[in-house]
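Going line by line, the protein sequences match chains A and B.
Using our numbering, read the first sequence as starting at 36 and increasing by one per residue.
Using our numbering, read the second sequence as starting at 4 and increasing by one per residue.
Take a look at the structure set out below.
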Amino acid sequence: MSVLTLTGNYAVAWAVKRARVQVVAAYPITPQTTIVEKISQMVENGEMNAKLIRVESEHSALAATFGAAIGGARAFTATASHGLLYMHEVLWWTAGARVPVVMAVVTRAIGPPWNIWTDHSDIMDQRDTGWIISMAEDNQEAFDLTLQAFRITEDDDVNLPMIVGLDAFILSHTYAPVDVLEQEDVDKWLPPRKQLYVIDSENRYSMGNIAYPKDYMLMRYDIERAMERAKKIIEKVDREYGEYFGRSYGGLIECYKCSDAKYLVALMGAWAGDAKEAVDKLRENGYNVGIMRVRFIRPLAVEKILEYASGKKGVLVMDRSISFGSAGPLFIEISSVLSMNGKPPAMKGVLAGIGGVDVGYRDIMDIISKFVDEVEERGWFVKRQEWFFSHKR
Amino acid sequence: MSLNLRKEPDIKYVRPGDAACPGCPEAMGLRYLGMALGDKAILVVPAGCSSVIQGIIPKNSYHFPTVNIVFAAGASTAAGLAAAYEMLGKDAVVVVWAGDGGTSDIGFASLSGAAERNDNIIYICVDNEAYMNTGIQRSSLTPYGAWTTTTWKGKREHKKDLPLIMVSHRVPYVATASVAYPHDFIAKLKKAASIRGFKYIHLHAPCPVGWKFDADKTVEVAKLAVETGMWILFEYHNGVLRISPPSRPYMNKEKRKPVREYIKLQDRFRNLRDEDLVELEKRIDETWNWYMMLEQWTSREQKTLE
Ligand SMILES: Cc1ncc(C[n+]2csc(CCOP(=O)(O)OP(=O)(O)O)c2C)c(N)n1
Ligand code: SF4
């Protein structure tokens, strides 16, 4: 144990150092910037043996990270919001090349109007790219997930890149105690870099030239199979991490007071902490609720969602972003899974906290109790969207 | 430096059966690249004809280890590869092989970034003066007056002087080359490979398909570009710019062939009016003045330093 008081961003920087990352390429954007600033300091102080590429854009940041990774180095980048969108085509390229890369995304709203606060539009926009996508609940988890990301992505069964998400400001700039582990312990737990293939003058491979449709489609099928295998690896790595360091989080989904609950709330990220508090309070008032905290939106924990939600009377999904013209993306995901169930629970998608609107545990208590009361009163129903703007208090 | 092409390694770096059109200057250039750098070269290829020339998976006509990459990311991907090789102690020469569009337009920011950071790569712009892969659209390196599928009446703007822009980055090495002068190109490649930091080589590459000349005339057209003064071969190293031997005679304007001889072989200039020709000639003189002034000035600077 080695506990420091760190912001979420510094916790990520510490994990990058502990993972002995060899190449870091990044570009500034609020609220990600302090991750790279910290790493730059560590490299310049000689605390970290890595090469920094201070690129001129996020498109180049991910391309350089990808280049370093395909050349055999453990590589890392970080970004947010517009930076992530600017990288978009390189995300596809990296996953398609099956090259392990780890990227932190400090989730932030997308303009216009300019807005630097948290919401999940940026990260949710990447769901189709072939990246493993996770969200942390607190600073400690941001550290642990970043470290685990190297084990997960470099696993022989996976070879896919991974995003570690953390909410802007709520985590990124808020100090909390973080156990950054001892270097020698991490070295024992995290093996040196492994990957499917490396390209250099001895390994004379070629990556990415034209493929006929049937080969292309097979390669897409391979990515999907790797995603499927990644589910097991994510669970395994989380379990082993727990055995080794004493902390694990339930793998793909953390279920908080789920087993005896009649109602579940599904959400991602930092506000899960407030939701847990809300659930504790609501239980005192006779509301039998639990939380399904989705830690990984990709791969989606289809089996676990079905298992946890089976027999429940209602599932409430809270989204911090919207897919315009449809519903909150997490609602779309979860309701698509639950509709596989012969007897799906009542469902509602609530849109809240968008663009950083503050949502506290009392707001969440109101949202949940309203849903429970509605179901108890009306019986089964599905409502795709309900906007929760803020509390008049 | 004297070079005997026949004595260069016999390995075919572009194997027979490649997917290039007949008379393709890009395939030609790649062969010279292989001769110059051998097995140490790792190719980074952003979208363009050279992504296609490789052929179709699982076959591949390139003997180079190759990282294909999105259109705008040639220089940045190469920067990452070079960083990895440095960290891991691997011996390799990272070479970006990009078209004029991938270099001068969409990839320009990433190119300039890598140059400014002095990343340890060789960046080669294979300049066929248009977006050929998507069917001959104008780029910022298409010359004045040229027909393309987006400039039906001839382009109204001049070619961007990209080599000069790269010189003003003050990187360790900048050179221009032409597929018609393989000795010059190979010598420049070898020199570039021996220098640490950022190296830029701009290869003039006449394309029979896009410029509309017969496939057996690639070298002839490329040669005429130099002989008319439309394309100037030079080298910039250690802060000194020097016109290269094949171009030196044309420092004297009298020795340059009339531009019309270059133009008339290419149907892309079929709509060129007399006043357009005058405009092109004016530009040639201007460009030569720039380069000759820079040669004089940088070599004088060097002398005062010594
Ligand atoms: C972001 C993006 N925009 C557009 C394209 C389409 N595209 C592919 S190759 C190409 C033109 C390439 O031209 P150039 O760089 O001059 O190389 P050449 O084909 O002439 O060798 C274009 C526009 C793309 N691949 N990616
Ligand atoms: S269009 Fe021109 S550059 Fe492209 S492959 Fe054909 S000949 Fe080569």
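Note that the Cβ used here is the ideal one computed from N, Cα and C, for glycine as well.
Here the structure is a predicted model, which means the values were calculated and not measured.
Run through chain B and tell me which residues come within less than 8 Å of residue i, C-beta to C-beta.
| i | result |
| --- | --- |
| A:Asp242 | For clarity, residue 242 of chain A is Met in the given sequence; the question names Asp instead. Within 8 Å Cβ-Cβ: Thr69, Val70, Asn71. |
| A:Ala99 | Ser79, Thr80, Ala82, Gly83, Ala86 |
For residue i, go through chain A and note every residue whose CB falls closer than 7 Å to its CB, in chain order.
| i | result |
| --- | --- |
| B:Asp42 | Ser236 |
| B:Ala95 | Asp235, Ser236 |
| B:Gly116 | Val90, Glu91, Ser95 |
| B:Ile45 | Ile234, Asp235, Ser236 |
Using a C-beta cutoff of 7 Å, does residue i count as contacting chain B?
| i | result |
| --- | --- |
| A:His117 | no |
| A:Asp250 | yes |
| A:Arg428 | For A:Arg428, the predicted model reports a pLDDT of 46, less than 50, meaning its position is unreliable and no value from the coordinates is stated. |
| A:Ile258 | no |
| A:Trp128 | yes |
| A:Gln230 | no |
| A:Ile88 | yes |
| A:Arg186 | no |
| A:Arg239 | yes |
| A:Ala108 | yes |
| A:Ile105 | yes |
| A:Gly102 | yes |
| A:Gln57 | yes |
Using a Cβ cut-off of 9 Å, pull out every chain A residue sitting near residue i, in sequence order please.
| i | result |
| --- | --- |
| B:Gly58 | Asn244, Ile245 |
| B:Tyr126 | Within chain A, no residue comes near B:Tyr126; the closest Cβ sits about 13 Å away, beyond 9 Å. |
| B:Ser54 | Gly243, Asn244, Ile245 |
| B:Arg120 | Ile88, Arg89, Val90, Glu91 |
How far does the alpha helix (DSSP H) with residue i in it reach, from first residue to last?
| i | result |
| --- | --- |
| A:Asn174 | 174-188 |
| B:Arg263 | 262-266 |
| A:Val78 | 68-79 |
| A:Trp127 | 123-131 |
| A:Glu219 | 218-224 |
| A:Met159 | 156-159 |
| A:Gly43 | 43-53 |
| A:Leu341 | 337-344 |
Any beta-carbon of chain A closer than 7 Å to the one on residue i?
| i | result |
| --- | --- |
| B:Leu3 | Nothing in the structure corresponds to residue 3 of chain B, since chain B is present only between 4 and 309. |
| B:Ser113 | yes |
| B:Ala76 | yes |
| B:Asn292 | no |
| B:Met90 | yes |
| B:Asn63 | yes |
| B:Met4 | Its pLDDT being 47, under 50, B:Met4 is placed unreliably in this model, and the value from its coordinates should be taken loosely. B:Met4 does not count as touching chain A. |
Between which two residues does the beta strand (DSSP E) holding residue i run?
| i | result |
| --- | --- |
| B:Asn71 | 69-72 |
| B:Tyr239 | 237-240 |
| A:Gln420 | 417-422 |
| A:Ser212 | For the sequence presented, residue 212 of chain A should be read as Pro rather than Ser. Where A:Pro212 is concerned, the enclosing beta strand (DSSP E) stretches over 211-214. |
| B:Ile139 | Unbroken run through B:Ile139: none, as it is neither H nor E. |
| A:Gly349 | 349-354 |
| A:Asn197 | The identity of residue 197 of chain A in the sequence shown is Met, whereas the question assumes Asn. 197-202 is the span of the beta strand (DSSP E), which, as asked, contains A:Met197. |
| B:Met254 | Segment: none, B:Met254 is in no beta strand (DSSP E) and carries neither H nor E. |
| B:Leu244 | 243-246 |
| A:Met138 | 137-142 |
For a contact defined as C-beta to C-beta under 9 Å, what are the partners of residue i on chain B?
| i | result |
| --- | --- |
| A:Val137 | Within chain B, no residue comes near A:Val137; the closest Cβ sits about 14 Å away, beyond 9 Å. |
| A:Glu124 | Val73, Phe74, Ala75, Ala76 |
| A:Ala60 | Ser79, Ala82, Gly83, Ala86 |
Checking contacts by CB at 7 Å: is residue i closer than that to chain C?
| i | result |
| --- | --- |
| A:Gln161 | The chain inventory of the structure shown lacks chain C, comprising the protein chains A and B. |
Going along chain B in order, which residues have a C-beta closer than 7 Å to the C-beta of residue i?
| i | result |
| --- | --- |
| A:Gln67 | By Cβ distance, chain B contributes nothing, its closest Cβ being about 18 Å from A:Gln67, past 7 Å. |
Can you tell me whether residue i sits near ligand 3, meaning its C-beta is under 6 Å from at least one heavy atom of the ligand?
| i | result |
| --- | --- |
| A:Phe111 | For ligand 3, the structure offers nothing, since it holds only ligand 1 and ligand 2. |
| said: Give the residues whose C-beta lies closer than 5 Å to at least one heavy atom of ligand 2, in chain order. | reply: B:Ala23, B:Cys24, B:Cys27, B:Glu29, B:Cys52, B:Asn131, B:Met135, B:Cys210, B:Val212
Q: Give, in chain order, every unbroken run of the alpha helix (DSSP H) that is at least 4 residues long and sits entirely within the stretch 147-226 of chain B.
A: 165-170, 185-196, 211-214
For this session: Taking only runs that begin and end inside the stretch 82-118 of chain A, name each unbroken beta strand (DSSP E) of 3 or more residues, in chain order.
Result: 86-88, 110-114
- Let me know the beta strand (DSSP E) ranges lying completely inside the stretch 230-318 of chain A, each 3 residues or longer, listed in chain order. 288-291, 298-302
Within the stretch 20-59 of chain B, ranges of the beta strand (DSSP E) (whole runs, at least 3 residues):
44-49
Practice task
Please list the segments of the beta strand (DSSP E) lying wholly inside the stretch 89-126 of chain B, counting only runs of 3 or more residues, in order along the chain.
Solution key: 96-102
- Can you give, in chain order, each stretch of the beta strand (DSSP E) that sits fully within the stretch 366-407 of chain A and has at least 3 residues? 381-386
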